[in-house]
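Here is the structure we will look at, set down as structure tokens.
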Amino acid sequence: MQIRLDDCVAVVTGASSGIGRAAALALAEAGADVCVQGYSHMADAEALAQAIVDRGRRAVAVKADVTRSDEVDRVVRTAVETLGGVDVAFANAGVFQMAALEETTDEIWNRHLTTNVTSAFFTARRVVPEMKKRGRGKLILNGSIFGAYGVPSAAAYCVTKMAIHGLTRALSIELAPHHINVNAVAPGNVVTPLNDVLYDYMAVQAGRPGDRDAGKAVLVKAYPRGRLGDVADIASMVVYLASDAADFITGQVMFVDGGYSAQ
Numbered sequence: 012m013q014i015r016l017d018d019c020v021a022v023v024t025g026a027s028s029g030i031g032r033a034a035a036l037a038l039a040e041a042g043a044d045v046c047v048q049g050y051s052h053m054a055d056a057e058a059l060a061q062a063i064v065d066r067g068r069r070a071v072a073v074k075a076d077v078t079r080s081d082e083v084d085r086v087v088r089t090a091v092e093t094l095g096g097v098d099v100a101f102a103n104a105g106v107f108q109m110a111a112l113e114e115t116t117d118e119i120w121n122r123h124l125t126t127n128v129t130s131a132f133f134t135a136r137r138v139v140p141e142m143k144k145r146g147r148g149k150l151i152l153n154g155s156i157f158g159a160y161g162v163p164s165a166a167a168y169c170v171t172k173m174a175i176h177g178l179t180r181a182l183s184i185e186l187a188p189h190h191i192n193v194n195a196v197a198p199g200n201v202v203t204p205l206n207d208v209l210y211d212y213m214a215v216q217a218g219r220p221g222d223r224d225a226g227k228a229v230l231v232k233a234y235p236r237g238r239l240g241d242v243a244d245i246a247s248m249v250v251y252l253a254s255d256a257a258d259f260i261t262g263q264v265m266f267v268d269g270g271y272s273a274q
């Protein structure tokens, strides 16, 4: 079975690097035109859009703060005006900072909530009307194994990913009559710059402060597949959930974690 997304338009938030970038490229390679959102690293987002164009698809990069509803509106409006609509959305924007409870400041807490949860809600609220116009759609949220397990010094992040899993299930029921599928991808540990803070933390726990490779080695032992994730592992699931092959899948949190959650 070949999975294709020909003539689909996808919106990807947090697309400048990591999972978002890989997902945007994979969606384009499957045939989709892509609107990529960036903010702090717009040069990377612009380069991504050009890479998509070089692959023969249309693309547009939009600078926006997705914690603000008016800026999310601008992202989606640009996708509609430039690319013709929205069929698929991957709400991927997120932050991750480790801090013990007493060290979790108001700023850290609020930044996690607004970036990881509020932005996903704003994205869903804005893309769904466009999907309804087309009679169907695929909304994919980025969860995490941290949304299913308690992790020391990561309360803010865990809470936000638990919220994403709950939002996925609630929206899936509400939107099913409109032929809009809502699912979450829940990555295990994926090697991206976002996770450097975790590798640093694990290195300290292993008595090897500053040695990120030592931190990664500790984490690898927790994964039955014997390796950490790659962005391509997650991008493949995003493309699958965006495709017709996943039409009967909705309300699910799809763990892509090398067997971690099976233990």
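Here my numbering is used: the first residue of the sequence shown is 12, the next is one more, and so on.
Don't be surprised by glycine CBs; every beta carbon is placed ideally from N, CA and C.
A direct Cα-Cα distance of roughly 31 angstroms separates S164 from R136. A contact between stretches requires three or more CB pairs, one per stretch, nearer than 8 angstroms, and the region 194–203 meets this requirement with the region 257–269.
Short of 8 angstroms from the beta carbon of G221, and not among the five residues preceding or following it, lie these beta carbons of its own chain, in chain order: D211 and A214. The DSSP-derived three-state label of L152 is strand. Within the region 37–88, complete beta strand (DSSP E) segments of at least 3 residues are found at 44–49 and 70–74, given in chain order.
If you draw a straight line from the Cα of D117 to the Cα of A166, it is about 13 angstroms long. Each residue's CA atom was taken as its position, placing M109 and A37 some 30 angstroms apart.
If only uninterrupted alpha helix (DSSP H) runs of at least 4 residues are considered, those enclosed by the region 179–246 are 207–216 and 223–231. With 16 or more other CB atoms across the displayed protein chains lying within 10 angstroms of its CB, K149 is buried. From the listed residues I63, N206 and V250, the smallest Cα separation to G29 is found for N206. Judged by their CB atoms, P235 and G199 are not nearer to each other than the 8 angstroms cut-off. Comparing alpha-carbon positions, the option among V229, Y271, V249 and L239 lying closest to R32 turns out to be V249. Per DSSP, reduced to three states, the secondary structure at F266 is strand. In this structure V77 is not in contact with E141, their Cβ atoms being roughly 16 angstroms apart against a cut-off of 8 angstroms.
Per the Cβ contact rule, the region 91–104 is in contact with the region 144–162 (3 or more Cβ pairs under 8 angstroms). With respect to Q48, A21 sits apart: the two C-beta atoms are not nearer than 8 angstroms. Taking every protein chain shown into account, the CB of G105 has 16 or more other CB atoms within 10 angstroms, so this residue is buried. Taking 8 angstroms as the cut-off, the beta carbon of T134 is found closer than this to the beta carbon of V83.
Three or more pairs of CB atoms, one per stretch, sit closer than 8 angstroms, so the region 12–21 contacts the region 89–98. V22 is bridged by DSSP to C46 and A100.
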